[in-house]
Structures are given as C-alpha cells and as structure tokens.
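Participant: Protein chains in written order, with our numbering: chain H, 79 to 455; chain G, 79 to 455. Virtual Cβ for every residue (Gly too), placed ideally from N, Cα, C. The structure that follows is given in the form of structure tokens.
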C-alpha cells in the first residue's frame, strides 16, 4: 500500500498524550508505537512473520551495521532494506552516528563529519550528513534520520550547546541533501543535553527547517528516568502538534509509559530482544530471569495475559530448561514473548488514551510492575 | 489420537522398499520416515510448529542428554517429553548408550551396564538395560530403544561378536523390563559390525525375543556407504516384513535413498539441523556453503522446489548475509530449509515406491546430486 503523503492523523488525546495513525509509503502504523530493533537486517532470533504476528508494524535498522555489512549499495541492488529482509511495513533507520561513537575505532569528529574504522575489519569510512542521507536512501528507508552528535552525559552547558549547534548545522545539511519522496520522511533530532533552554533552541531550529518528524535524542544515556522525563516534558511543547515525535533508544516499560504521557509517539529499544537472548523475560510484574532454578518445576506458562504462543503455550520449566541448556529455541521464544509484551503494552497505552484513562492505566501498570517479579508458585 | 496397537500397515512395495503407515499411540506416520533430532527436548533452532510444518511427523530425543538435564523425573512430572516440548506427534528416544560412549567421561562398561560421569557437571550415573527402559518410560517415549553397545569400527570378528552378544543379553533384559502399553513400542537393535553372519545371528536373536520394531545399529560410524549398504542389505531379509525397520543415525540423502531401496522404513540424523547451524544448505544439487562470497549478490531463493518459506521466500544474498553476520535467524532459516528438504525427499521416496518408480527416482536424484552444487548464476 502506498500513501501519497507521510502524515500523522491524531485521533484522540489524553493530557499531552496522543493516539493516532502514521501514514507512510509502506503502510499505516498505530501510534504510540514501539519499533523492534532489526540491527543487521534482522530482528535477532525472529522471523519477520513472527515480528508482525506480535502486532509490530514498523521496525528499526542500524545504518552503521548495514553500511559495513553487507553494504548499502548491495542492499540497494536488492531493492532496499525492506525487500532484503522481507519486512512489508515501514522501516526507520538511524543515521549511524550513535554506533560510530559507541562501536567503531579511531573516530575523528570534524565539522565535515566523522571518520572511523570498522569494528569488524578495521576498514576506514567517513560519515557526513550528506553521506548518511545517501546511505539511508540506498537502504530505501521509510524514515531517514539526520546525522547528529549524541551529546555525552554528563556534559557542561557549554559542551552541550556546542554539540547541539554542530548537530543543528548537520541537520540543515541533511535537510538539504534529502530528496523528498511521497510517503517517505526525514526526521530531525533535538539535542541539548539536560538543559531545557538548549532543547528549546534545538527544537526551534529544527522546526524552522521543517522536518517530517522530530526525534528527541541524547537521552537514555545514563541521566536516569527523572531527568529523562523532565527533558522530554521540556521538549515536546516546542514541537509541532501534527508531526510525529520519536524518543530514541527508549526504553523500559515505565520509561515508555512516562514518555507517552509527555507526548511521545514512537520508540525503539534493544531491551526486549537483547533481554530475550539472555534469558530475561518481561512481565507485567517486572522482569524475571528464566535461568533461575525456581522455574525448573513450574508448569505454568510465562504470562497468559500476553496474546502470544511463546507466552502462553510453553511452560516456565521448559523455557528454563532451554535457557539453561543454551538452546537457540530459548532465545527465540523469550525474544518473541518480550516483543509481544512490548506490543501489548503499546496497544494498552493506545486504548487508554482513546478512553481518557491513561493516568489510571499508568498507575495500575506501575503498581503491578513494582512487585518486581512474576507471582510465586 | 490414540491407536490401540502399534503397527505398520504396508501399502505398497517396490523391490525391497516399502511404503506404509506406522500407527502409534500418538498418531500415524508415513514411512519411509525421517525423524529430525530433538536432542535436548528441542529440534535446535526450530519451534515444534515449524518442525511440523515441514511434514515431519515424528522426532527423536536423546536419553543421555535428557537424563542429565533437566532429568527424567522432572520431565515425567511434566507429563512426558512430548508435553514438555509441545510435540503432538510420536517421539522415539535412543537408549543413551551411544552418547555415553561419545560424550561422557570415565566410562566403565560391565555386564551389568555402564557407569559414567556427566560431561556437564561430572556427576556420576549408571545406565543399565533396566534403567534405560525406566528412563524412557519416564519420558513417555512412543518408541523406546533397547540399551546396546555400539560396536566400534573397525572391529575384528571376535570383537564384533562379543560386543553383539552383550547387546543381545541387554536386549533380553530390556524386553523383560519394558511394560507394554497400547500404541507404545520397544525396538531391538541389530549389531554385529560389518559381518553378515553376526548380523543374521543378532537379527534372529531379536526376532526370537519379539520386538515391536527393529533397528540396524552400529552403522554410519566410518565404514563408508558401500559397506553400510552391504550390511543393511544383509540384515533386512532377516527381519519380519510386517515390523518397522530403523537405520540409526543415517544420514546423507543418498544414504537414505539407498537404505530405503534395501528395506529401511525409519531414519534419524543430526545432519540437516547441525548443517543448518553452520551455514550449510542441502539442495537437490548437493550441499552448498552459504558463507561463500559468491552468494552475496544472488537474489534468487535458495531452492524454489522445496515447499518451505525458508527455501522460497528469502534470497541467497540475504541468507549469506545472516550467516556471515552470525545471526540466529540465519541458523533458523537454514535449519528450517534443511529439515524441509529432508521431508520433501522422504515424500518423494514414498511416492516413488507407490508408483513403482523408486529406481528411476534414485537415479535422477543421484544425477542431480552429483553436480555437487546449486546451479551457478
């Protein structure tokens, strides 16, 4: 399905929170939305059909990983990332900047861009705003992100301002380089560290340049939930009401709920998938380590309240056995469950906003979560 | 579905080959059948639903692995191996003897049985014929295998005879210990190395004891395909025509075809699953290493002739990328394809026997296989 315009149709609000539908070249997604992370053209340990079965409608790909392997021209020749990995829905790709800083070697940042060596083979690469746009165009990303510098935490106000100003100059170059196509989008990224004035200045600069959506970047980097919420709340009022807002790399279930309450529409995070591979399961009553011996004789399903075969059809004893035995199926089932859990949370948030009951939904979820574990036998 | 009796209904023959249906307590399976190996209560990197989708109707579990982890009483309390792992169809379990010899530490074999230390934690265990039966009963195995000694290769005739005679005494003890239940079965295992007279003697001893099915053991241990075929051909005529015959641990596609031509009904082998995890794909034109760089830009599916999403829906370029990136999804998809390929081979064999065209089926398959690789771009 192709929609002519990339647009967010807001259908209801509850406080700052909004529920709606994001129309894209590759389908419509319900917001607030959580995008599972498909780092290297795969949501790890899941088929795309299983990902779709959880209710996920949009996924994220990592430009850094894909540009190094298999390479953007190779994916372009294949018809883009969506065809390469057989994902029918829209994809969002990051700019690669974050992973350059966290994974690559011999980084050197200048006004022009950033040079680095691949963590895989030491090969040299350069990422500039123009190059980041070109690569994401080769990937045929539904949503392209501008190249930015993720301001480290902690940073002084001067450091955060300098970093943000660089990101804003890069954002302008990205806006310039991006070729608009129907149903495709370029998102700007608000930076400014934990300083509300810098965030407001950054948001104003981006809105002036007119992006198709706006991300809040540089959070979930160690500042803690209180500060994350504070900065988010100080940022969203400066963003246009009719454009999607995306909080990058967030987060835990309570982070997401709080951010939705502060006006965020889109999320991504490796937590559900990465946790699944290490035997950690998300439940309404907190996370639970399936490796723990107390599950060995527990014949109950992991979480019957989640509409997912991995959550309902297998016993905790069996999942425990698989994880203890380092079986791939253990990683597959827990990842599947976790992604389904996150999607169910998003569906719950959307319903709560529609019915004007977001605060009570959040309170009830928080109370259950505070129990810190699934109920004992 | 529960059938009162465990029985093989032979529906057609072609030379020594037979096609039929094996009725068990846990469903009917079409023979000749290939059983994917579910070592530790999981066919590695597959859900049971995916296993079933390939056409596999029966799977194998390894007593050695399961008795050590999670332990047979734990699985018994869970309702048996089938319920534990959610496999609806019948399961066959080996006796554990083979893995004791290949995996465990400090083995000591006596007339009574074999003592050993777990390769996992060094804990001490003893496996006797009676204990092997007890454990498989706890696992609720549809088909229980007798404890035997897998005669090493090479072995002198004296060594092979002594080993076989021990296995026959153990087989009698197993027969004694096994409690017959409707639709469940105990299989004897013919030993005797590469010596036809010993194989005939072993078969006669087992037939005298009256088992529900007969396995040919001690092959695929390095003797080569010619000798394997020779020993198989020398053994099956000594087995009752109306009981299933199972060639343990075999094998490659051409091994299976040749053994079916020599009257074998059941097979198991780790090849399709293990190869899948290392990037090796089975095709009609031989095996192919998906890690090889020549697949990087090949947009064709792996094998459109196999009725499996993993074989048809993903490009070789994508599978290559996943394998090169050590992505779990690469292992999942190649395992799935390989298991589907094996099931499609078995379906082809069954059809060929029904239509009296097994030899031409075998010749055509062998000719394609001899090409040694999938067709080049």
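So what's residue 213 of chain G in DSSP terms, helix, strand or just coil?
Facilitator: Residue state, collapsed to three classes: helix.
Participant: Taking the Cβ atom as the reference point for each residue, do residue 373 of chain H and residue 395 of chain H lie within a distance shorter than 8 Å?
Facilitator: Yes; because the gap between Cβ atoms is below 8 Å, this pair is in contact.
Participant: If you draw a straight line from the alpha carbon of residue 368 of chain G to that of residue 301 of chain H, how long is it in whole angstroms?
Facilitator: Going from the Cα of residue 368 of chain G to the Cα of residue 301 of chain H covers about 44 Å.
Participant: What does residue 145 of chain H touch in chain G if you count any residue whose Cβ is under 8 Å from its own?
Facilitator: Under the 8 Å cutoff, chain G gives no residues; its nearest Cβ is about 13 Å from residue 145 of chain H.
Participant: Give the interface partners of residue 120 of chain G over in chain H, defined as CB-CB distance under 7 Å, in chain order.
Facilitator: Ordered by position in chain H, the residues that pass the 7 Å Cβ test against residue 120 of chain G are 400, 405 and 407.
Participant: Are the CB atoms of residue 269 of chain G and residue 456 of chain G within a distance shorter than 8 Å?
Facilitator: Outside the displayed span of chain G (79 to 455) sits residue 456 of chain G, for which this structure offers no information.
Participant: Please report how far the alpha carbon of residue 146 of chain H lies from the alpha carbon of residue 207 of chain H, in whole angstroms.
Facilitator: Cα to Cα, residue 146 of chain H sits roughly 17 Å from residue 207 of chain H.
Participant: Give me the subset of the segment 300–318 of chain H whose CB atoms are less than 7 Å from a CB atom of chain G, sorted by chain position.
Facilitator: Going along the segment 300–318 of chain H in chain order, one finds no residue with a Cβ nearer than 7 Å to chain G.
Participant: Compute the Euclidean distance between the alpha carbons of residue 172 of chain G and residue 141 of chain G, then round it to the nearest angstrom.
Facilitator: Distance between the alpha carbons of residue 172 of chain G and residue 141 of chain G: 6 Å.
Participant: Let me know the secondary structure DSSP gives residue 79 of chain G once reduced to three states.
Facilitator: With a pLDDT of 43 at residue 79 of chain G, under the threshold of 50, the predicted position of this residue should be treated as unreliable, though the coordinate-derived value follows. Looking at residue 79 of chain G - three-state DSSP - the assignment turns out to be coil, as it is neither helix nor strand.
Participant: Since residue 347 of chain H contacts residue 327 of chain H with CB under 8 Å, what's their CB separation in whole angstroms?
Facilitator: Confirmed, Cβ separation roughly 6 Å.
Participant: For residue 142 of chain G, return the contacting residues in chain H, with the cut-off set at a CB-CB distance below 8 Å.
Facilitator: Here the premise fails: no neighbours, minimum Cβ distance about 13 Å.
Participant: Would you mind working out which of G:169, G:91 and G:153 sits nearest residue 126 of chain G, comparing C-alpha positions?
Facilitator: Nearest of G:169, G:91 and G:153 to residue 126 of chain G, Cα basis: G:169.
Participant: Here's the rule I'm using: 16 or more other beta-carbon atoms within 10 Å means buried, otherwise exposed. How should residue 87 of chain G be labelled?
Facilitator: Looking at its Cβ environment, which holds fewer than 16 other Cβ atoms inside 10 Å, residue 87 of chain G is exposed.
Participant: Going along the chain, which residues of the segment 146–170 of chain G sit with their C-beta nearer than 8 Å to a C-beta in chain H?
Facilitator: Here the close residues are 147, 148, 152, 155, 156, 162, 163 and 164.
Participant: Chain G partners of residue 377 of chain H, CB-CB under 7 Å?
Facilitator: Correct list: 156.
Participant: Going by other Cβ atoms of all chains shown within 10 Å of its Cβ, with 16 needed for buried, is residue 513 of chain H buried or exposed?
Facilitator: Outside the shown range of chain H, which is 79 to 455, sits residue 513 of chain H, and nothing can be said about it.
Participant: Kindly give me the distance between the Cβ atoms of residue 178 of chain H and residue 205 of chain H, rounded to whole angstroms, as I take these residues to be in contact under 8 Å.
Facilitator: Indeed they touch by this definition, with Cβ atoms about 6 Å apart.
Participant: With respect to the beta strand (DSSP E) encompassing residue 89 of chain H, which residues constitute its N-terminal and C-terminal limits?
Facilitator: First-last of the beta strand (DSSP E) with residue 89 of chain H: 85–92.
Participant: If you measure beta-carbon to beta-carbon, which residues of the segment 337–350 of chain H are closer than 8 Å to chain G?
Facilitator: Listed by position along the chain: nothing, the set is empty.
Participant: Just to check my reading of the structure: residue 440 of chain G and residue 384 of chain G have Cβ atoms closer than 8 Å, yes? What is that Cβ distance to the nearest angstrom?
Facilitator: The Cβ separation is near 19 Å, so there is no contact.
Participant: Strictly by DSSP, which residues pair up with residue 137 of chain H?
Facilitator: Paired residues: H:169.
Participant: Would you mind reading off the limits of the alpha helix (DSSP H) that contains residue 416 of chain G?
Facilitator: Here the alpha helix (DSSP H) through residue 416 of chain G covers 406–432.
Participant: Would you say residue 391 of chain H faces chain G, with C-beta separation under 8 Å as the test?
Facilitator: Output row for residue 391 of chain H: interface = yes.
Participant: For the segment 359–378 of chain G, list every residue whose C-beta sits within 9 Å of some C-beta in chain H, in sequence order.
Facilitator: Against chain H - using a Cβ distance shorter than 9 Å - the residues of the segment 359–378 of chain G are 374, 375 and 377.
Participant: Report the residue ranges of all beta strand (DSSP E) runs contained in full by the segment 348–408 of chain H; include only those spanning at least 3 residues, in chain order.
Facilitator: Complete beta strand (DSSP E) runs here, min 3: 358–361 and 364–367.
Participant: So that I know if they touch, is there some Cβ in chain H lying closer than 8 Å to that of residue 125 of chain G?
Facilitator: It does: the Cβ of residue 125 of chain G has a partner Cβ on chain H nearer than 8 Å.
Participant: Which residues does DSSP pair with residue 114 of chain H in a beta bridge?
Facilitator: Bridge partners of residue 114 of chain H: H:347.
Participant: Reducing DSSP to helix, strand and coil, say where residue 262 of chain G ends up.
Facilitator: Correct three-state label for residue 262 of chain G: coil.
Participant: For residue 329 of chain H, which three-state DSSP category applies?
Facilitator: Residue 329 of chain H: coil per DSSP, three-state reduction.
Participant: Would you kindly work out how many angstroms separate the C-alpha atoms of residue 283 of chain G and residue 371 of chain G, rounded to a whole number?
Facilitator: Approximately 54 Å between the Cα atoms of the pair.
Participant: Taking only three categories from DSSP, how would you classify residue 439 of chain G?
Facilitator: If DSSP states are grouped into helix, strand and coil, residue 439 of chain G belongs with the helices.
Participant: Could you name the residues that DSSP lists as bridge partners for residue 291 of chain G?
Facilitator: In DSSP, residue 291 of chain G forms a bridge with G:265.
Participant: Quick one: what's residue 105 of chain G bridged to in DSSP?
Facilitator: Partner(s): G:102.
Participant: Expressed to the nearest angstrom, what Euclidean distance is found between the alpha-carbon atoms of residue 386 of chain H and residue 120 of chain G?
Facilitator: Straight-line Cα distance between these residues: approximately 19 Å.
Participant: To the nearest angstrom, report how far apart residue 97 of chain H and residue 401 of chain G are at their CA atoms.
Facilitator: Residue 97 of chain H and residue 401 of chain G: Cα-Cα distance of roughly 39 Å.
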